[in-house]
Amino acid sequence: MRRLVITILVVWCCCAARCFAHPATLATATATVGPDGSVRLTAHFDLLAFALNEVPERVDDEAMRALLAAPPDELQRALDGARDRFVNDFTVIGDDGRRDALDQVDVVFPTGVELASRGLSRARLPVMADVTLSGKLRRGATSVSFQFPESLGPIVLIVERAGHEPGAEPLEPGRASSSFPISNNAEAPEPANLSAAAKYLRLGFTHILPHGPDHVLFVLGLFLLSAKLRPLLWQVTAFTAAHSITLALALYGVVRLPSMIVEPLIALSIAFIALENLFTSDLKPWRPLVVFGFGLVHGLGFAGVLSGAGLPRGQYLTALLTFNAGVELGQLAVIGLTLATVGWLRRYNWYRPAIARPASGLIALLAVLWTIERIWT
83 MRRLVITILV
93 VWCCCAARCF
103 AHPATLATAT
113 ATVGPDGSVR
123 LTAHFDLLAF
133 ALNEVPERVD
143 DEAMRALLAA
153 PPDELQRALD
163 GARDRFVNDF
173 TVIGDDGRRD
183 ALDQVDVVFP
193 TGVELASRGL
203 SRARLPVMAD
213 VTLSGKLRRG
223 ATSVSFQFPE
233 SLGPIVLIVE
243 RAGHEPGAEP
253 LEPGRASSSF
263 PISNNAEAPE
273 PANLSAAAKY
283 LRLGFTHILP
293 HGPDHVLFVL
303 GLFLLSAKLR
313 PLLWQVTAFT
323 AAHSITLALA
333 LYGVVRLPSM
343 IVEPLIALSI
353 AFIALENLFT
363 SDLKPWRPLV
373 VFGFGLVHGL
383 GFAGVLSGAG
393 LPRGQYLTAL
403 LTFNAGVELG
413 QLAVIGLTLA
423 TVGWLRRYNW
433 YRPAIARPAS
443 GLIALLAVLW
453 TIERIWT
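Mapping of the sequence shown onto this note's numbering: position 146 corresponds to residue 228, and the numbering continues sequentially without gaps.
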């Protein structure tokens with residue numbers, strides 16, 4: 083049994099090691115719809131992942147850097163293919179259900195020459211780029227909705243209309259948005275309704291499972307400290323309180339740190355917690371304080387998902403509360419799955435030497451590698 087559990091842990095960590103060192107960045111899009119039916123949309127997403135025709139969470143650094151280092155003509159062919167996929171898979175849907183609702187479509191897509199001029203062969207990953215699409219709705223259209231290529235992953239759509247507050251809507255991969263009226267006199271869908279809250283809740287959950295392997299490893303590090311439940315509850319409480327604080331402060335613009343600082347610190351926090359597990363099995367007085375401090379850093383990482391989306395200020399509270407609730411549910415799911423998998427083994431004397439320590443060692447090793455990569459790549 084011990085060998086089976088250790089084998090599962092090794093395989094899991096090896097799979098996690100294949101995740102690229104940088105965290106995936108949420109795609110965003112802003113659509114401006116005029117009363118005359120004009121539409122201008124700017125999408126901001128991970129260009130290299132899209133050029134490789136994969137969702138960002140499944141593309142590693144090596145594939146991205148190989149594409150950047152490819153000969154100019156090969157890189158341009160990949161970008162041309164990406165442009166064609168974007169044009170074919172991005173859909174503007176009219177009120178009559180037609181999926182080709184735009185006339186006079188013009189698309190501005192990054193080129194290999196532009197990438198070279200920006201020195202992206204030495205750029206930090208991911209390489210985020212803007213794609214602009216403009217056109218005009220067919221005559222007689224009264225409303226419009228948008229559907230993005232599935233390989234962009236989750237995306238937050240902001241819709242702007244003259245005379246109205248912007249509306250924001252998080253979209254699951256490949257799903258169409260709500261229908262937005264074109265007329266100035268028509269009311270757009272209420273952004274803070276139950277449906278939008280449920281979407282932010284899901285966005286927070288998926289930011290942990292399956293798209294947050296670094297946050298998952300941190301929670302596992304908390305779990306592995308002791309075979310007792312009380313130390314885990316103290317740590318999770320401290321972590322939850324801390325990341326809730328910085329998530330709120332960052333979303334409202336009170337505290338901001340660049341991802342090039344936050345992400346290495348998140349990886350370093352995982353390494354610290356896992357290494358401490360190797361030397362103690364008791365909840366030391368400083369441990370909840372350390373976890374609280376690291377929780378503040380993780381909260382800034384969570385905030386990067388929402389603060390970079392350009393949400394309308396009127397939707398901040400809804401997004402903050404439901405996204406944070408989704409994060410909490412994701413963390414509880416990690417703990418629940420871990421309890422179901424190895425929790426019942428914690429009553430055995432060999433649990434710590436055979437499971438907790440080896441797993442903590444693997445997590446520490448992986449986190450150190452992530453720390454180095456996030457600093458130097």
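In this text, a Cβ means the ideal position worked out from N, Cα and C, and glycines have one as well. These numbers were taken from a predicted model, which means no experiment stands behind them.
Mark F361 as exposed unless 16 or more other C-beta atoms lie within 10 angstroms of its C-beta, in which case mark it buried. exposed
Provide the residue(s) that pair with A125 in DSSP beta bridges, ordered along the chain. A111 and V213
Select from A353, A125, S120 and A407 the residue whose C-alpha is nearest the C-alpha of G392. A125
Count the other CB atoms, across all protein chains shown, that sit within 10 Å of the CB of S199; report buried if there are 16 or more and exposed otherwise. S199 should be labelled exposed.
For a test of the three-state rule: what should DSSP assign to R429, helix, strand or coil? helix
Just confirm the distance between the C-beta atoms of V190 and T214, as a whole number of angstroms; I'd bet it's less than 8 Å. 4 Å
Entirely within the stretch 292-319 and at least 4 residues each: give me those alpha helix (DSSP H) ranges in chain order. 295-305
Can you tell which of P440, A353, Q317 and R165 has its C-alpha closest to the C-alpha of T453? A353
Nearest to K218 (by Cα), restricted to the options E345, S120 and R395: Residue S120 is the option with its Cα nearest to K218.
Using only alpha-carbon positions, find the residue among W432, A332, L365 and F262 that is nearest to L311. L365
Considering only the alpha carbon of each residue, which of V209, L329 and I437 lies closest to Y398? L329
Kindly indicate which residue of T224, N135, A438 and V409 has the alpha-carbon position closest to the one of T423. A438
Quick one: what's L239 bridged to in DSSP? A111 and E251
Measure the C-alpha to C-alpha separation of V187 and G390 and round it to an integer number of angstroms. In this structure, the CA atom of V187 is about 27 Å from the CA atom of G390.
Quick one: Cα of V387 to Cα of P154, how far? 32 Å
Under 9 Å between C-beta atoms of P138 and P248: The Cβ-Cβ distance between P138 and P248 does not fall below 9 Å.
Using C-beta distances below 6 Å, list every residue in its chain close to T420, excluding the 5 sequence neighbours before and after it, in chain order. The answer, listed in chain order, is F305.
So what does DSSP say about V145, is it helix, strand or coil? The amino acid at residue 145 is misidentified as Val; the sequence shows Ala. Three-state DSSP puts A145 in a helix.
Which class does T453 belong to by DSSP, given the choice of helix, strand or coil? helix
Which residues in the same chain have their Cβ closer than 6 Å to the Cβ of D171, if we skip the five residues on either side of it in sequence? P231
Starting from T362, follow the beta strand (DSSP E) in both directions and report where the run begins and ends. Following the DSSP letters along the chain, one finds T362 in no beta strand (DSSP E), marked with neither H nor E.
So what does DSSP say about P273, is it helix, strand or coil? With a pLDDT of 46 at P273, under the threshold of 50, the modelled position of this residue cannot be trusted, and the question is left open.
Could you spell out where the beta strand (DSSP E) holding S227 opens and where it closes? Boundaries of the beta strand (DSSP E) harbouring S227: S225 to Q229, taken from the DSSP string.
DSSP-derived helix/strand/coil call for P117: coil
State the DSSP-derived secondary structure class of V169, mapped to helix, strand or coil. helix
Residue closest to L402, alpha-carbon to alpha-carbon, out of R221, S363, K281 and I417: K281
If we count the other Cβ atoms within 10 Å of its Cβ and call it buried at 16 or more, is R456 buried or exposed? Buried is the call here.
Within 10 angstroms of the Cβ of P367, are there 16 or more other Cβ atoms? Answer buried if so, exposed if not. Per the 10 Å Cβ criterion, exposed.
Could you work out which residue in T110, F168, Q158 and L123 is closest to E136 when comparing CA atoms only? F168
Can you tell me where the alpha helix (DSSP H) with P340 in it begins and where it stops? No alpha helix (DSSP H) contains P340, which DSSP labels as neither H nor E.
By how many angstroms is the C-alpha of I417 removed from the C-alpha of L427? Per the coordinates, the alpha-carbon of L427 lies some 15 Å from the alpha-carbon of I417.
Skipping 5 residues on each side, what residues in its chain have a beta carbon closer than 8 Å to that of D185? G217, K218, L219 and R220
Taking the CB atoms as reference points, tell me whether A164 and A133 lie closer together than 9 Å. yes
Among all the DSSP beta bridges, which residues are the ones paired with P435? Note: P435 sits in no beta bridge, so no partner.
Thinking I327 and Q413 are a contact (beta carbons under 8 Å), I'd like their distance in whole angstroms, please. Actually they do not touch by this definition, with Cβ atoms about 16 Å apart.
P192 and L129 look like a contact to me (Cβ under 8 Å); what is the Cβ gap, rounded to whole Å? Contact holds; Cβ gap of about 6 Å.
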